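Q:
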Amino acid sequence: MSALKESRLWRILTSPSRMMITVSAVIILISVVRQFTGINDITSPGATGATIRFTIPLLMAGLGGLWAERSGVINIGLEGMMILGTWFGAWFGYLYGPWVGIFAGAVGGALAGLLHAILTVRVGIDQAVSGLAINLLGAGTARFLSGVFFIGAGGDVNVSPQVKSIGSFTIPGLSPFLTHLGEKHILVVSDVAGVLAGFVTSINWASLFMFLALPITSWILWKTRFGLRMRFCGENPVAAESLGVNVYRTRYIALAVSGALAGLGGAYISVVVTGNYLEGQTAGRGYIGLAAVIFGNWQPAGVLAGSLLFGLTDALRVRQSTSVHALLLVVIALAAVYGISKLRKKDWKGFSINIGIAGVVLAYYLINKVVPDEFVTFFPNLTTILVLAFLSQRLRPPAMAGAPYRKGEES
Amino acid sequence: MKRANKLFWALIAPVAAILFSLVFVSIILLIKGAQPLSTFHLILSYGSEPENIVAELNQTIAYYLAGVAAAIGFRMLLFNIGIDGQYRLAIFMAAVVGGATNLPSFLEIPLIVLTGVVVGALWASIAGYLKVKRNISEVISNIMLNTIASGLIIYMLQPSRLGLKGVNSDNLATPMIPKSGWMPTIHVFGGELYSFAFVAIGVGILYWVVLNKSVFGFNLRATGMSFRAARASGVNAPRMIFITMALSGGIAGLTGMGELLSQTHTYSLAFPTGYALTGLALALLGRNNPIGVAFAAFFWAFLEQAAPILDLNGIPKEIVMMMQGSIILSTVASYEIVKRITRRQQQRLVGAVDAPRVETDQKGEK
Numbered sequence: 001m002s003a004l005k006e007s008r009l010w011r012i013l014t015s016p017s018r019m020m021i022t023v024s025a026v027i028i029l030i031s032v033v034r035q036f037t038g039i040n041d042i043t044s045p046g047a048t049g050a051t052i053r054f055t056i057p058l059l060m061a062g063l064g065g066l067w068a069e070r071s072g073v074i075n076i077g078l079e080g081m082m083i084l085g086t087w088f089g090a091w092f093g094y095l096y097g098p099w100v101g102i103f104a105g106a107v108g109g110a111l112a113g114l115l116h117a118i119l120t121v122r123v124g125i126d127q128a129v130s131g132l133a134i135n136l137l138g139a140g141t142a143r144f145l146s147g148v149f150f151i152g153a154g155g156d157v158n159v160s161p162q163v164k165s166i167g168s169f170t171i172p173g174l175s176p177f178l179t180h181l182g183e184k185h186i187l188v189v190s191d192v193a194g195v196l197a198g199f200v201t202s203i204n205w206a207s208l209f210m211f212l213a214l215p216i217t218s219w220i221l222w223k224t225r226f227g228l229r230m231r232f233c234g235e236n237p238v239a240a241e242s243l244g245v246n247v248y249r250t251r252y253i254a255l256a257v258s259g260a261l262a263g264l265g266g267a268y269i270s271v272v273v274t275g276n277y278l279e280g281q282t283a284g285r286g287y288i289g290l291a292a293v294i295f296g297n298w299q300p301a302g303v304l305a306g307s308l309l310f311g312l313t314d315a316l317r318v319r320q321s322t323s324v325h326a327l328l329l330v331v332i333a334l335a336a337v338y339g340i341s342k343l344r345k346k347d348w349k350g351f352s353i354n355i356g357i358a359g360v361v362l363a364y365y366l367i368n369k370v371v372p373d374e375f376v377t378f379f380p381n382l383t384t385i386l387v388l389a390f391l392s393q394r395l396r397p398p399a400m401a402g403a404p405y406r407k408g409e410e411s
Numbered sequence: 001m002k003r004a005n006k007l008f009w010a011l012i013a014p015v016a017a018i019l020f021s022l023v024f025v026s027i028i029l030l031i032k033g034a035q036p037l038s039t040f041h042l043i044l045s046y047g048s049e050p051e052n053i054v055a056e057l058n059q060t061i062a063y064y065l066a067g068v069a070a071a072i073g074f075r076m077l078l079f080n081i082g083i084d085g086q087y088r089l090a091i092f093m094a095a096v097v098g099g100a101t102n103l104p105s106f107l108e109i110p111l112i113v114l115t116g117v118v119v120g121a122l123w124a125s126i127a128g129y130l131k132v133k134r135n136i137s138e139v140i141s142n143i144m145l146n147t148i149a150s151g152l153i154i155y156m157l158q159p160s161r162l163g164l165k166g167v168n169s170d171n172l173a174t175p176m177i178p179k180s181g182w183m184p185t186i187h188v189f190g191g192e193l194y195s196f197a198f199v200a201i202g203v204g205i206l207y208w209v210v211l212n213k214s215v216f217g218f219n220l221r222a223t224g225m226s227f228r229a230a231r232a233s234g235v236n237a238p239r240m241i242f243i244t245m246a247l248s249g250g251i252a253g254l255t256g257m258g259e260l261l262s263q264t265h266t267y268s269l270a271f272p273t274g275y276a277l278t279g280l281a282l283a284l285l286g287r288n289n290p291i292g293v294a295f296a297a298f299f300w301a302f303l304e305q306a307a308p309i310l311d312l313n314g315i316p317k318e319i320v321m322m323m324q325g326s327i328i329l330s331t332v333a334s335y336e337i338v339k340r341i342t343r344r345q346q347q348r349l350v351g352a353v354d355a356p357r358v359e360t361d362q363k364g365e366k
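So the protein lines, in turn, are chains A and B.
Heads up: the first sequence at position 300 corresponds to 300 in the numbering used here, and the numbers run straight through without jumps.
Heads up: the second sequence at position 310 corresponds to 310 in the numbering used here, and the numbers run straight through without jumps.
Structural data, given as structure tokens:
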């Protein structure tokens with residue numbers, strides 16, 4: 001979606017008055033689909049709550065990827081950093097309480113981020129090699145440490161003891177009212193109420209705390225001197241150096257923050273979502289975070305949109321697999337409307353492609369009763385490939401992300 | 001003298017890397033309260049028992065092919081992290097085709113092997129296409145393709161589609177390949193060695209010959225060294241990149257074929273994952289050299305085969321995993337450092353030759 005950001009359509013959609021129309025249209029579309037299919041879970045408070053829980057780790061990993069890539073270093077090690085976050089979060093959470101655990105998760109991730117910085121920035125090895133080795137090292141370290149620490153403390157080689165839960169808050173009055181309204185299944189009204197109820201009912205304090213990383217990242221990257229320098233390092237490190245920016249130091253800081261964010265995402269999974277460390281519980285979310293960065297066109301708001309979309313499909317799959325099937329109707333409608341809008345400019349190719357997509361999805365919708373779980377699990381990956389394949393001209397990655405840079409050497 | 005110097009600098013990096021990781025692991029072992037020396041001795045003696053040697057050699061075949069697949073990519077500066085998805089999809093489809101046909105052996109076995117190669121190459125060429133036509137990093141697209149391959153395999157393995165419930169377990173598996181598609185094993189050291197080893201050796205020889213003795217190999221290496229220079233001298237560089245990616249995927253499709261043809265005769269989810277990372281590590285360790293990769297693959301298989309004995313002696317076997325991780329990192333780091341030292345040496349050498357002449361030139365001008 002946000003690859004559309006550079007396009008004319010996007011500018012029209014995002015002008016304030018039009019945006020209200022767009023948002024309303026999407027809400028109406030979803031509620032019509034809900035009414036039509038009778039799958040009320042799509043806009044229930046429970047589904048919203050689950051979406052939040054699934055989105056936060058992806059958002060943190062995505063923001064971690066954003067910090068790294070904006071400074072010019074690709075961070076494939078996000079997965080390993082998340083794994084360290086889950087381990088440190090659970091163990092220190094068990095010892096000293098959940099908030100200490102979350103902090104420790106950030107520290108664990110940041111250490112791995114610094115290792116990535118030393119290897120790629122100082123030693124100068126290939127960024128992909130370093131990232132993959134960190135994934136291996138992260139998984140190995142967590143497994144080793146589990147064997148050493150958990151068994152004596154009431155856990156097992158791959159399970160940590162339980163962490164005390166962080167409190168959550170519910171806005172009194174508003175929450176029961178909205179939930180009640182949501183259960184009436186009135187077109188549009190109940191849908192809005194149901195989703196809003198999800199945002200005010202038993203929201204974990206940690207979710208709120210983590211979400212703050214988004215505006216803070218946005219502010220640092222675009223409103224501070226450091227952020228400007230950091231983005232400069234990602235676009236043209238040689239020029240940045242010549243203007244007195246310490247590229248090495250900037251990248252060190254960016255990668256430490258990147259690791260810390262991924263570690264926070266990991267700690268969120270182990271401390272908040274499951275309440276203990278389970279081996280393999282990150283399940284490749286670090287890679288999906290990387291996908292969210294691409295999907296989000298290297299913009300914080302885009303990363304949020306990507307992680308929300310991927311988190312939503314994940315949450316719906318876990319709750320009720322027919323929901324994902326119902327959402328196909330939304331995709332069909334959007335593709336059809338977008339295709340028809342192409343007619344105005346007599347863009348026959350765009351028209352037929354979009355109508356074709358709508359037709360294929362519609363055929364799939366009619367033939368099958370559910371979308372297989374396996375397809376939903378790789379939905380983020382497939383989306384990323386498609387975005388890269390069809391919208392790559394509109395993507396604007398940092399120019400020098402991934403390129404090796406040595407001080408004093410023209411690359 | 002010069003040659004000895006060159007050899008010294010070529011060997012110092014892997015030796016330093018292994019020493020570094022031994023020290024690193026020793027420190028961890030000491031923290032854990034285990035004796036490093038006796039632990040290493042345990043690994044060595046258990047790993048070199050005859051029946052384990054055969055298991056190691058069988059594992060080496062798969063690792064070696066993954067390593068060669070990665071090495072082909074590296075020669076073109078392509079980072080084929082998609083080996084994992086390519087190999088699993090290839091072996092899966094090969095098992096499906098093998099299970100569905102019943103031809104005489106001399107047709108059945110080549111059919112299965114060829115299916116693997118073609119599927120691996122096709123899956124890899126998606127990433128190759130995206131790289132050439134859309135300028136998308138093959139690392140990102142391959143990571144995504146790996147997950148998609150996993151999902152597709154699980155989807156197709158469902159009993160209602162191409163899979164069956166396993167004979168002895170609940171594991172989903174493809175139908176058994178008929179006897180005509182089984183490859184014999186060789187009886188050595190009291191174990192059964194896959195005869196697919198010969199194919200692996202053949203692939204190694206072919207890799208060396210094609211890369212070093214053919215026009216195609218020359219173009220490939222030239223494009224890897226300098227895209228622009230190769231293009232200027234008339235090589236169709238994008239096409240070379242696409243072909244290299246497909247070739248790498250094709251070899252990746254052979255990974256695990258020995259196990260399929262000589263041991264399991266069916267594909268199940270029990271087939272190991274993570275061959276991409278191993279293959280890349282081995283190609284790095286062996287410096288893309290077919291013999292170097294073979295040694296590295298055996299070393300890797302040796303470590304893994306010996307790992308379970310550690311658990312029995314109260315030492316976590318994850319030590320081996322950490323050892324491998326630190327070997328990868330320290331190898332790459334030491335190659336990078338050695339490269340920089342030798343370059344500086346050369347520069348000094350060039351400087352020593354050039355400096356006096358420059359001086360006289362300047363004097364002459366005065």
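C-beta: ideal position from N, C-alpha, C; glycine also.
Small disclaimer: the values here were computed from a predicted structure and weren't measured.
Which ranges does the alpha helix (DSSP H) cover as unbroken runs of at least 4 residues, wholly within the region 75-154 of chain A, from first to last along the chain?
A: DSSP runs (the alpha helix (DSSP H)) wholly in the region 75-154 of chain A: 78-96, 98-117, 127-149.
Q: If you run the structure through DSSP and keep just helix, strand and coil, what is residue 191 (chain B)?
A: The count along the second sequence starts at 1 and reaches residue 191 (chain B) at position 191. Looking at residue 191 (chain B) - three-state DSSP - the assignment turns out to be strand.
Q: Tell me, which residues are paired with residue 203 (chain A) by DSSP?
A: Numbered from its first residue, the first sequence carries residue 203 (chain A) at position 203. According to DSSP, residue 203 (chain A) bridges with A:169.
Q: Got a sec? Which residues, its chain only, sit under 8 Å from residue 257 (chain A) by beta carbon, not counting five neighbours each side?
A: Mapped onto the first sequence, residue 257 (chain A) falls at position 257. Closer than 8 Å at the Cβ level, and outside the excluded window around residue 257 (chain A), lie 64, 67, 110, 113.
Q: Is there at least one Cβ from chain A nearer than 8 Å to residue 147 (chain B)'s Cβ?
A: Position 147 of the second sequence, counting from 1, holds the residue named residue 147 (chain B). Yes - at least one Cβ of chain A is within 8 Å of the one on residue 147 (chain B).
Q: For residue 39 (chain A), name the three-state secondary structure that DSSP assigns.
A: As a first step, residue 39 (chain A) is located in the first sequence; it is residue number 39 there, counting from the start. Looking at residue 39 (chain A) - three-state DSSP - the assignment turns out to be coil, as it is neither helix nor strand.
Q: From the DSSP output, in three-state form, read off residue 173 (chain B) for me.
A: Here residue 173 (chain B) refers to the residue found at position 173 of the second sequence. Three-state result, residue 173 (chain B): strand.
Q: Would you grab the beta carbon distance between residue 309 (chain B) and residue 42 (chain B) for me? Rounded to a whole angstrom, and I think it's under 8 Å.
A: As a first step, residue 309 (chain B) must be located in the second sequence, where it is residue number 309. As a first step, residue 42 (chain B) must be located in the second sequence, where it is residue number 42. Going by Cβ atoms, the distance from residue 309 (chain B) to residue 42 (chain B) rounds to 6 Å, so yes, they are a contact pair.
Q: Would residue 210 (chain A) and residue 81 (chain A) be called neighbours here (beta carbons separated by less than 8 Å)?
A: The sequence position of residue 210 (chain A) within the first sequence is 210, counting from 1. The sequence position of residue 81 (chain A) within the first sequence is 81, counting from 1. For residue 210 (chain A) and residue 81 (chain A), no; Cβs fall outside 8 Å.
Q: Is residue 315 (chain B) helix, strand or coil when you go by DSSP?
A: Residue 315 (chain B) sits at position 315 when you count from the first residue of the second sequence. Reduced to three states, the DSSP call for residue 315 (chain B) is coil.
Q: For residue 106 (chain B), is the classification buried or exposed, using 16 other Cβ atoms within 10 angstroms of its Cβ as the cut-off for buried?
A: Sequence index remark: in the second sequence, residue 106 (chain B) carries index 106 (1-based). Classification of residue 106 (chain B): exposed, given that the 10 Å Cβ count is below 16.
Q: Out of A:89, A:31, A:41, A:54, which has the shortest C-alpha to C-alpha gap to residue 275 (chain A)?
A: Position 275 of the first sequence holds residue 275 (chain A). Looking at the Cα atoms, A:89 is the closest of the given residues.
Q: Show which residues of chain B have a CB atom less than 7 Å away from the CB atom of residue 124 (chain A).
A: Within the first sequence, the letter at position 124 stands for residue 124 (chain A). Going along chain B in sequence order, the residues near residue 124 (chain A) (Cβ under 7 Å) are 336.
Q: Would the region 114-134 of chain B and the region 246-263 of chain B be scored as touching if the rule is three or more Cβ pairs under 8 Å?
A: At 8 Å Cβ cutoff, the stretches touch.
Q: Please report how far the alpha carbon of residue 289 (chain A) lies from the alpha carbon of residue 213 (chain A), in whole angstroms.
A: Here the question's residue 289 (chain A) lines up with position 289 in the first sequence. Here the question's residue 213 (chain A) lines up with position 213 in the first sequence. Spanning the two alpha carbons is a distance of roughly 15 Å.
Q: Along chain B, in chain order, which residues have C-beta atoms closer than 8 Å to that of residue 423 (chain A)?
A: This structure gives no information on residue 423 (chain A), because the portion of chain A shown stretches from 1 to 411.
Q: For chain B, is any of its Cβ atoms less than 8 Å away from the one on residue 318 (chain A)?
A: If you number the first sequence from 1, residue 318 (chain A) lands on position 318. Chain B contact via Cβ: absent.
Q: Quick check on residue 366 (chain B): does DSSP put it in helix, strand or coil?
A: Residue 366 (chain B) sits at position 366 when you count from the first residue of the second sequence. The predicted position of residue 366 (chain B) is uncertain, since its pLDDT is 37 and thus under 50; no value can be drawn from it.
Q: When DSSP builds the beta bridges, which residues end up paired with residue 191 (chain A)?
A: Taking the first sequence and counting its residues from 1, one reaches residue 191 (chain A) at position 191. Note: residue 191 (chain A) sits in no beta bridge, so no partner.
Q: From the DSSP output, in three-state form, read off residue 215 (chain B) for me.
A: What you label residue 215 (chain B) is simply residue 215 of the second sequence in a count that begins at 1. In this structure, residue 215 (chain B) counts as helix in the three-state DSSP scheme.
Q: What residues in the region 381-408 of chain A have a beta carbon less than 8 Å from any beta carbon of chain B?
A: Answer in chain order: 381, 382, 384, 385, 388, 389, 392, 402.
Q: For the region 96-123 of chain B, which segments carrying the alpha helix (DSSP H) assignment without a break, of at least 4 residues, lie completely within its bounds, in sequence order?
A: For the region 96-123 of chain B, not a single whole alpha helix (DSSP H) run of length 4 or above is found.
Q: Determine, using beta carbons only, whether residue 144 (chain B) comes closer than 8 Å to chain A.
A: Translated into positions along the second sequence, residue 144 (chain B) becomes position 144. True, the Cβ-Cβ gap to chain A drops below 8 Å.
Q: In chain order, what residues of the same chain have a beta carbon less than 7 Å from the beta carbon of residue 164 (chain A), not counting five sequence neighbours either side?
A: Taking the first sequence and counting its residues from 1, one reaches residue 164 (chain A) at position 164. 97, 98, listed in sequence order.
Q: Just curious, the alpha helix (DSSP H) that residue 236 (chain A) is in, first and last residue?
A: Counting from one through the first sequence, the residue named residue 236 (chain A) turns up at place 236. Premise fails: residue 236 (chain A) is in no alpha helix (DSSP H) and is neither H nor E.
Q: Identify whether residue 156 (chain A) lies in helix, strand or coil by the three-state DSSP scheme.
A: Along the first sequence, one-based indexing puts residue 156 (chain A) at 156. Three-state DSSP puts residue 156 (chain A) in a strand.
Q: Using a Cβ-Cβ cut-off of 6 Å (strictly less than) and excluding sequence neighbours within five positions of residue 401 (chain A), which residues of its own chain qualify?
A: Here residue 401 (chain A) refers to the residue found at position 401 of the first sequence. Closer than 6 Å at Cβ, skipping near neighbours: 69, 72, 74, 234.
Q: Taking the alpha-carbon positions, what's the residue 217 (chain A) to residue 381 (chain A) distance?
A: Taking the first residue of the first sequence as 1, we reach residue 217 (chain A) at position 217. Taking the first residue of the first sequence as 1, we reach residue 381 (chain A) at position 381. Between residue 217 (chain A) and residue 381 (chain A), the C-alpha separation is close to 25 Å.
Q: Does residue 119 (chain A) get closer than 8 Å to chain B when you measure Cβ to Cβ?
A: Your numbering for residue 119 (chain A) matches position 119 in the first sequence. Taking Cβ atoms only, chain B reaches closer than 8 Å to residue 119 (chain A), which makes this a yes.
Q: Taking the Cβ atom as the reference point for each residue, do residue 108 (chain B) and residue 115 (chain B) lie within a distance shorter than 8 Å?
A: Counted from its first residue, the second sequence places residue 108 (chain B) at position 108. Counted from its first residue, the second sequence places residue 115 (chain B) at position 115. Contact flag unset, no.
Q: Which same chain residues end up closer than 6 Å to residue 473 (chain A) when comparing Cβ atoms and leaving out the 5 residues on each side of it in sequence?
A: Lying before the first or after the last residue shown, residue 473 (chain A) is absent from chain A, which here runs from 1 to 411.
Q: Within 10 angstroms of the Cβ of residue 143 (chain A), are there 16 or more other Cβ atoms? Answer buried if so, exposed if not.
A: As a position in the first sequence, residue 143 (chain A) is number 143, starting the count at 1. It is buried - the Cβ of residue 143 (chain A) has at least 16 other Cβ atoms within 10 Å.
Q: Just list the residues that DSSP pairs residue 201 (chain B) with in beta bridges.
A: Taking the second sequence and counting its residues from 1, the one referred to as residue 201 (chain B) is at position 201. Per DSSP, none; premise fails for residue 201 (chain B).
Q: Check whether the Cβ atoms of residue 133 (chain A) and residue 329 (chain B) lie closer than 8 Å to each other.
A: Position 133 of the first sequence, counted from the first residue, corresponds to residue 133 (chain A). Position 329 of the second sequence, counted from the first residue, corresponds to residue 329 (chain B). Yes.
Q: Going along the region 306-334 of chain A in order, which residues come within less than 7 Å of chain B, judged by CB to CB distance?
A: Cβ contacts with chain B come from no residue of the region 306-334 of chain A.
Q: At 7 Å on the CB atoms, spell out the chain C contacts of residue 140 (chain A), in chain order.
A: In summary, chain C is missing from the structure at hand, where the protein chains are A and B.
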